[in-house]
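Line order of the protein sequences matches chains P and G. Residue numbering for the first sequence follows the UniProt record's numbering, beginning at 1 and increasing consecutively. Residue numbering for the second sequence follows the UniProt record's numbering, beginning at 1 and increasing consecutively.
There are 2 protein chains.
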Amino acid sequence: MNVIEIADAADGRLADYLRLRDVNLRRSLEAEHGLFLAEGEKVVRRALHAGYRPRSLLLTERRRGVLPGIAADLPADLAAGPEAVPVYVVPESVAEGVVGFHLHRGVLGSFHRMPLPGLGTVLAGARTAVVLEDIVDHTNVGAIFRSAAGLGVDAVVLAPRCADPLYRRAVRVSMGAVFTLPYTRLTDWYGGLSELRERGFRLLALTPAPGSVLLPDALAGAAPDDRHALLLGTEGEGLSSRWLDQADVRVRIPMAERDVDSLNVTAAAAVACYELVRSH
Amino acid sequence: MNVIEIADAADGRLADYLRLRDVNLRRSLEAEHGLFLAEGEKVVRRALHAGYRPRSLLLTERRRGVLPGIAADLPADLAAGPEAVPVYVVPESVAEGVVGFHLHRGVLGSFHRMPLPGLGTVLAGARTAVVLEDIVDHTNVGAIFRSAAGLGVDAVVLAPRCADPLYRRAVRVSMGAVFTLPYTRLTDWYGGLSELRERGFRLLALTPAPGSVLLPDALAGAAPDDRHALLLGTEGEGLSSRWLDQADVRVRIPMAERDVDSLNVTAAAAVACYELVRSH
Numbered sequence: 001m002n003v004i005e006i007a008d009a010a011d012g013r014l015a016d017y018l019r020l021r022d023v024n025l026r027r028s029l030e031a032e033h034g035l036f037l038a039e040g041e042k043v044v045r046r047a048l049h050a051g052y053r054p055r056s057l058l059l060t061e062r063r064r065g066v067l068p069g070i071a072a073d074l075p076a077d078l079a080a081g082p083e084a085v086p087v088y089v090v091p092e093s094v095a096e097g098v099v100g101f102h103l104h105r106g107v108l109g110s111f112h113r114m115p116l117p118g119l120g121t122v123l124a125g126a127r128t129a130v131v132l133e134d135i136v137d138h139t140n141v142g143a144i145f146r147s148a149a150g151l152g153v154d155a156v157v158l159a160p161r162c163a164d165p166l167y168r169r170a171v172r173v174s175m176g177a178v179f180t181l182p183y184t185r186l187t188d189w190y191g192g193l194s195e196l197r198e199r200g201f202r203l204l205a206l207t208p209a210p211g212s213v214l215l216p217d218a219l220a221g222a223a224p225d226d227r228h229a230l231l232l233g234t235e236g237e238g239l240s241s242r243w244l245d246q247a248d249v250r251v252r253i254p255m256a257e258r259d260v261d262s263l264n265v266t267a268a269a270a271v272a273c274y275e276l277v278r279s280h
Numbered sequence: 001m002n003v004i005e006i007a008d009a010a011d012g013r014l015a016d017y018l019r020l021r022d023v024n025l026r027r028s029l030e031a032e033h034g035l036f037l038a039e040g041e042k043v044v045r046r047a048l049h050a051g052y053r054p055r056s057l058l059l060t061e062r063r064r065g066v067l068p069g070i071a072a073d074l075p076a077d078l079a080a081g082p083e084a085v086p087v088y089v090v091p092e093s094v095a096e097g098v099v100g101f102h103l104h105r106g107v108l109g110s111f112h113r114m115p116l117p118g119l120g121t122v123l124a125g126a127r128t129a130v131v132l133e134d135i136v137d138h139t140n141v142g143a144i145f146r147s148a149a150g151l152g153v154d155a156v157v158l159a160p161r162c163a164d165p166l167y168r169r170a171v172r173v174s175m176g177a178v179f180t181l182p183y184t185r186l187t188d189w190y191g192g193l194s195e196l197r198e199r200g201f202r203l204l205a206l207t208p209a210p211g212s213v214l215l216p217d218a219l220a221g222a223a224p225d226d227r228h229a230l231l232l233g234t235e236g237e238g239l240s241s242r243w244l245d246q247a248d249v250r251v252r253i254p255m256a257e258r259d260v261d262s263l264n265v266t267a268a269a270a271v272a273c274y275e276l277v278r279s280h
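See the structure below:
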């Protein structure tokens, strides 16, 4: 392993890890270099398992013990030799100086992004998909990926304005599900749903508004080979009227007659994914 | 309405609203005075609807317009006369000086707590209940209340160490479901579950560990009058071995064969509540 001790938070080799809570800086830095960060031993190893290639790793001295496990997950050319990935080991105070807070987990990886696959690739063989319109909160995106992957949904499709699943917080909340669940992003918000319909997907728009059908009823009698895409809208406003109009059917989760208007978007997504997979 | 303009953040009448992000201060202050805070017009009005009596309300000048709606929800003796509840109207800068951050929603209410009902009261007529062991995160507690109420679970029971549902963040995330869904707290962690069993509840321990039964299978053939309590454990460790041993059956949510160990606790709670209510 190419282990490098660094004692100075201003060392330029640590630039990938700078000020992790500065959202604007991170967005431009990560876009410019085509990188994303994974946090914690488990999530870093899941990124490696999924085939993402690291640019470097950062460990606090206390967490040196994770090295053998990570080394075992590295492809041979990155574990040793001229292309070996640099592993920066730093005191806790240096880590804190770089990232801007106490680095509790003590393990970070900076990874190269891969080009997003095309819609055809992501949906090949998929019978169930979740389509996120403008979910802007990274925690919600990560939580929905975790639920969709865990419950067995086959693919995720993002609208152009949906938050980035490879943003650090989304990655962490997803527990690495963003690495294993195939996803891509539509480039065309207005017309993009027609590409799903052309591929045989029936579009179910989840909305608590009146005039919708109970989700289990909408799925009753589905054949195993049917293709269903569940459309989920933003945290506050729900789906746009354009997407509601484009859907084949509006569906809702059966709710109690109480003074509660709706579930939050991650709870609704979990229940809907469960029902979707169950009916296939 | 007893509207009082205050221009000084140090005014003692605003003491209920002091430093909302100082968890230790809030815990002792709220326990000492038996109060809790509701945040935002909708949640404040839901607290009033549910019969909680306000100690005072705090509005920023910009949100003065909510007053008629709130006045309509106040009991007559609190809307006018010698017992009229004080409504403090303050500039935004004063609100920020008191609570410690920009008060985006601009509406706060300080309410008297009510004594928690006994277990018998909470469970009277209930066929489904959720029992939270040591969920320590207020966001998770609030989200579980919202899902349980929305999906139609009848009651919630808390272990002694579970986080407070009336803590500000739990209240907000629950969207006021903590006011409408009956709940109480066990005083005895070790033996408390036997009180549920004595009342005819079958105890289902939710756990991703091997050796559990699929939740839908565990509920198959349930009669409408059967009573089921779903036990949920902490975010990281899950249920204690004591509670696992006390349960009638260990259940799990059907999961895909992927590199995802489990759902997060709020997603798992939502799916499990959905399945629980559906089978009754």
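Cβ coordinates follow ideal geometry from the N, Cα and C atoms, glycine included. As the structure is a prediction and not an experimental result, all values here were calculated from the model.
Pull up the distance between the alpha-carbon of residue i and that of residue j, whole angstroms please.
i: A31/G; j: M175/P; result: 36 Å
i: V66/P; j: Y274/P; result: 35 Å
i: V277/P; j: R64/G; result: 48 Å
i: A163/G; j: R26/G; result: 14 Å
i: V90/G; j: E5/G; result: 6 Å
i: A15/G; j: H33/G; result: 11 Å
i: H138/G; j: T266/P; result: 16 Å
i: D154/P; j: G120/G; result: 45 Å
i: H102/P; j: V44/P; result: 18 Å
i: S28/G; j: V141/G; result: 20 Å
i: residue 285/G; j: H280/G; result: Any property of residue 285/G remains undetermined from this structure, which presents chain G solely from 1 to 280.
i: A72/P; j: A38/G; result: 51 Å
i: A268/P; j: V173/P; result: 17 Å
i: I70/P; j: L123/G; result: 50 Å
i: G12/P; j: A272/G; result: 49 Å
i: G125/G; j: P224/G; result: 12 Å
i: R19/G; j: P254/G; result: 44 Å
i: E237/P; j: V3/P; result: 49 Å
i: R62/G; j: A209/P; result: 30 Å
i: D8/P; j: G97/P; result: 9 Å
i: G111/G; j: V99/P; result: Correcting the residue identity first, residue 111/G is Phe in this sequence and not Gly. Roughly 40 Å between the two C-alpha positions.
i: Y17/G; j: L186/G; result: 29 Å
i: V157/G; j: P165/G; result: 11 Å
i: G81/G; j: P68/G; result: 17 Å
i: V213/G; j: L193/G; result: 20 Å
i: I144/P; j: M1/G; result: 45 Å
i: Y167/G; j: I135/P; result: 27 Å
i: A129/P; j: D217/P; result: 18 Å
i: R21/P; j: L215/P; result: 39 Å
Residue i by DSSP, collapsed to three states: which one?
i: P115/P; result: coil
i: A10/P; result: coil
i: S279/P; result: coil
i: T207/P; result: coil
i: I144/G; result: helix
i: F179/G; result: helix
i: N264/G; result: coil
i: I70/P; result: helix
i: S174/G; result: coil
i: E5/G; result: strand
i: A155/P; result: strand
i: E39/G; result: strand
i: L25/G; result: helix
i: R161/P; result: coil
i: L78/G; result: helix
i: V271/G; result: helix
To the nearest whole angstrom, what separates the beta carbons of residue i and residue j, a pair I think is in contact under 8 Å?
i: F36/P; j: R113/P; result: 6 Å
i: L116/P; j: A159/P; result: At roughly 13 Å, the Cβ-Cβ gap does not stay under 8 Å, so L116/P and A159/P are not in contact.
i: R227/G; j: R127/G; result: 5 Å
i: A95/G; j: L58/G; result: 7 Å
Hey, would you say the C-beta of residue i is under 7 Å away from at least one heavy atom of the ligand ATP?
i: D134/G; result: Ligands are entirely absent from the displayed structure, and the ligand ATP is therefore not among its contents.
Could you list which residues in chain C have their beta carbon closer than 8 Å to that of residue i, in chain order?
i: M255/G; result: In the structure shown, chain C cannot be found, because the protein chains are P and G.
- Query: If you pair each beta-carbon of the region 193-210 of chain P with each one of the region 234-245 of chain P, do three or more pairs fall below 8 Å?
  - Reply: Result yes; three or more Cβ-Cβ pairs closer than 8 Å.
- Query: How do the region 173-188 of chain P and the region 137-149 of chain P stand: do at least 3 beta-carbon pairs fall below 8 Å, yes or no?
  - Reply: Yes: the two stretches touch, three or more of their Cβ pairs being nearer than 8 Å.
- Can you find at least 3 beta carbon pairs, one from the region 52-63 of chain G and one from the region 71-86 of chain G, that sit closer than 8 Å? The region 52-63 of chain G vs the region 71-86 of chain G: in contact.
- Which ranges would you report for the beta strand (DSSP E) in the region 84-131 of chain P if only whole runs of at least 3 residues count? Here the runs fully enclosed are 86-90 and 107-112.
- Return the chain-ordered ranges of every beta strand (DSSP E) run that is complete within the region 183-241 of chain P and spans a minimum of 3 residues. For the beta strand (DSSP E) assignment, the uninterrupted runs of no fewer than 3 residues enclosed by the region 183-241 of chain P are, from N- to C-terminal side, 183-185, 201-206 and 227-232.
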